[in-house]
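Residues in the sequence shown are numbered from 401 upward in steps of one, following my numbering. The structure appears right after this line, and notes come after that.
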Amino acid sequence: MDPARSNDPGPIIRGLTEQIEAGLIEIRRDIHAHPELGFEEVRTAGIVAAELTRLGIPHQTGIGKTGVVGLIEGGRPGPVLAIRADMDALPILEKTGLAFASEHEGKMHACGHDIHTTTLLGVAAVLRQLAPQLAGTVKLVFQPAEEGLGGMQAMIDAGVMDNPSIDMALTLHNQPEMPAGQFGFVRGPTLAASDRFDIVVRGKSGHAAYPHTTVDPIVAAAHLVTQLQMVVSREVSAMHPVVVTVGAITGGTTYNIIPDTCSIKGTVRTLNARARDIAEAAIKRLAAGVAEGMRVQCEVDYRRGMPILRNDDKVVLPAVAAIRAQFGDDAITEGEANLGGEDFALMANLVPGFQLRVGSSQPGRRDRLHNSAYQPDERSIGFGVQALARAAMEILG
Ligand SMILES: [Zn+2]
Ligand SMILES: [Zn+2]
Numbered sequence: 401m402d403p404a405r406s407n408d409p410g411p412i413i414r415g416l417t418e419q420i421e422a423g424l425i426e427i428r429r430d431i432h433a434h435p436e437l438g439f440e441e442v443r444t445a446g447i448v449a450a451e452l453t454r455l456g457i458p459h460q461t462g463i464g465k466t467g468v469v470g471l472i473e474g475g476r477p478g479p480v481l482a483i484r485a486d487m488d489a490l491p492i493l494e495k496t497g498l499a500f501a502s503e504h505e506g507k508m509h510a511c512g513h514d515i516h517t518t519t520l521l522g523v524a525a526v527l528r529q530l531a532p533q534l535a536g537t538v539k540l541v542f543q544p545a546e547e548g549l550g551g552m553q554a555m556i557d558a559g560v561m562d563n564p565s566i567d568m569a570l571t572l573h574n575q576p577e578m579p580a581g582q583f584g585f586v587r588g589p590t591l592a593a594s595d596r597f598d599i600v601v602r603g604k605s606g607h608a609a610y611p612h613t614t615v616d617p618i619v620a621a622a623h624l625v626t627q628l629q630m631v632v633s634r635e636v637s638a639m640h641p642v643v644v645t646v647g648a649i650t651g652g653t654t655y656n657i658i659p660d661t662c663s664i665k666g667t668v669r670t671l672n673a674r675a676r677d678i679a680e681a682a683i684k685r686l687a688a689g690v691a692e693g694m695r696v697q698c699e700v701d702y703r704r705g706m707p708i709l710r711n712d713d714k715v716v717l718p719a720v721a722a723i724r725a726q727f728g729d730d731a732i733t734e735g736e737a738n739l740g741g742e743d744f745a746l747m748a749n750l751v752p753g754f755q756l757r758v759g760s761s762q763p764g765r766r767d768r769l770h771n772s773a774y775q776p777d778e779r780s781i782g783f784g785v786q787a788l789a790r791a792a793m794e795i796l797g
């Protein structure tokens, strides 16, 4: 810390966080014990709204079904920074054995969104105190249904980007690959565009003993699945990571029948718009080639899903500087992009955005997200509060 900076917010943010940390952990355990799936976050949203009321922060509920949006107005005019946390749980049977384990059988906060929600409540409490020093507005976005159910799109459709209109956006994800107290960032593309395709291969059914009287869709589908491997190996530049995965292939009923159809389901993940275009075109062309060559019909339904999540330096650089100022230079390191997806990308497609990685592993544990035994380190809440609050101060400085 530079002692020359007389108005250094570091110790104030640390002190305010320490005062509320135990209470935040209680809230987190309550949310953890009562996980709710996407668009069902009624109880969780109720906890959020009650906390915002207690903090005297004006807010609206029911945004995008179960979303909550709060506003902290700074002492001076300036841009609007959204800070977003997701609230939904996963359909996983929890096996942690914790005293506050899920009481909703078959549902679990295995992606740590209980940590995110609680962290944003902590950020709200700290920034409420520091609001007079902010030049601009903080919009607290508590989002439903991140896990593939369209929660961010629902909030955008409900007008979350407007009134007041968001200029920049920040979010976090807990990261069990890093210890609590450490942070990570990526500049530029950080999470993949995620698309889905269905291909129905239509042939002509008949007796397995007389294949020449049929058009076999299973053999054609098998050829197509093999050819799809060439999209990555022979069509997209080796400098651009792409995944083409066939996750399901279904056709036929028994030993002695050649069926009429065989269907293929798959996903394409890309970090680059050009690679995405190439992959989509190649899948359609290869399917047309198999159709022509093997006398089948191939119907391709290619659906673009989440866009690429690009972290924008306009938010990344001040946030990283803020975290270095708060915790020291070694607390945050530059990491690599990966081919997972995240619907914050929809917001970051509209305004400059940044997803901060917040280390959450406990000493001695090797946890993974979406795992039934996931136990994030609860200290990651306090660290996340300090990091995001300091980043907001820096961005709205
Ligand atoms: Zn997840
Ligand atoms: Zn998640």
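For every residue, glycine included, the Cβ atom is placed at its ideal position computed from N, Cα and C.
- When the alpha-carbon of I657 is set against those of D616, A622, V642, the nearest one is in D616.
- Residue side-chain check: E441 keeps its Cβ at 7 Å or more from all non-hydrogen atoms of ligand 1.
- One residue after another in chain order, those with a Cβ under 6 Å from a heavy atom of ligand 1 are C511, E547, L769, H770.
- The alpha-carbon of V442 is positioned some 16 Å away from that of L549.
- Runs of the alpha helix (DSSP H) lying entirely within the region 441–473, each at least 4 residues long, are 442–454 in chain order.
- The Cβ neighbour count for P763, taken over all protein chains shown within 10 Å, is under 16; the residue is labelled exposed.
- A distance criterion of 7 Å places the beta-carbon of D430 beyond contact range of ligand 2, judged by its closest non-hydrogen atom.
- Here A545 has G438, F439, D488, G551 as same chain residues with Cβ atoms under 6 Å from its own Cβ, once five neighbours each way along the sequence are excluded.
- No residue range can be given for R587, since it is assigned to no alpha helix (DSSP H) and is classified by DSSP as neither H nor E.
- Contiguous beta strand (DSSP E) elements confined to the region 606–669 occur at 642–651, taking only those with 3 or more residues.
- Between ligand 2 and H612, a heavy atom-to-CB distance of less than 7 Å is absent.
- Spatial neighbours of F754 in its own chain (CB-CB distance under 6 Å, excluding positions within 5 residues in sequence) are listed in chain order as L570, N711, V715, V716, A719.
- Per DSSP, T518 is not a residue of any beta strand (DSSP E); the alpha helix (DSSP H) it occupies stretches across 513–530.
- Relative to ligand 2, H513 has its C-beta within less than 7 Å of a heavy atom.
- The beta carbons of S772 and M508 sit closer together than 8 Å.
- D701 sits in a strand when the DSSP states are folded into three classes.
- In this structure, the beta-carbon distance from A679 to M706 does not fall below 8 Å.
- Looking from the CA of I732, the closest CA among L739, G740, I723 belongs to I723.
- Closest in C-alpha terms to P532, from the list G474, D514, D729, comes G474.
- Across the structure, L530 and S780 are spaced so that their CA atoms are roughly 21 Å apart.
- Looking at the DSSP output, T537 bridges to E473, V480.
- For D567, the three-state secondary structure derived from DSSP is coil.
- Distances from the alpha-carbon of L481 to those of N563, R454, R768 put N563 closest.
- Approximately 51 Å separates the beta-carbon atoms of D660 and R587; this is outside 8 Å, ruling out the contact.
- Taking 7 Å as the cut-off, one finds at least one heavy atom of ligand 2 near enough to the beta carbon of H573.
- Counting only runs of at least 3 residues, the region 728–761 fully encloses the following beta strand (DSSP E) elements, listed from N- to C-terminal order: 732–734, 753–761.
- Just so you know, the alpha carbons of E547 and I420 end up roughly 29 Å apart.
- Sequence-distant Cβ neighbours of T667 in its own chain, meaning closer than 6 Å and more than five residues away, are R596, T645.
- Residue burial is scored here from C-beta neighbours: E436 has at least 16 other C-beta atoms within 10 angstroms and is therefore classed as buried.
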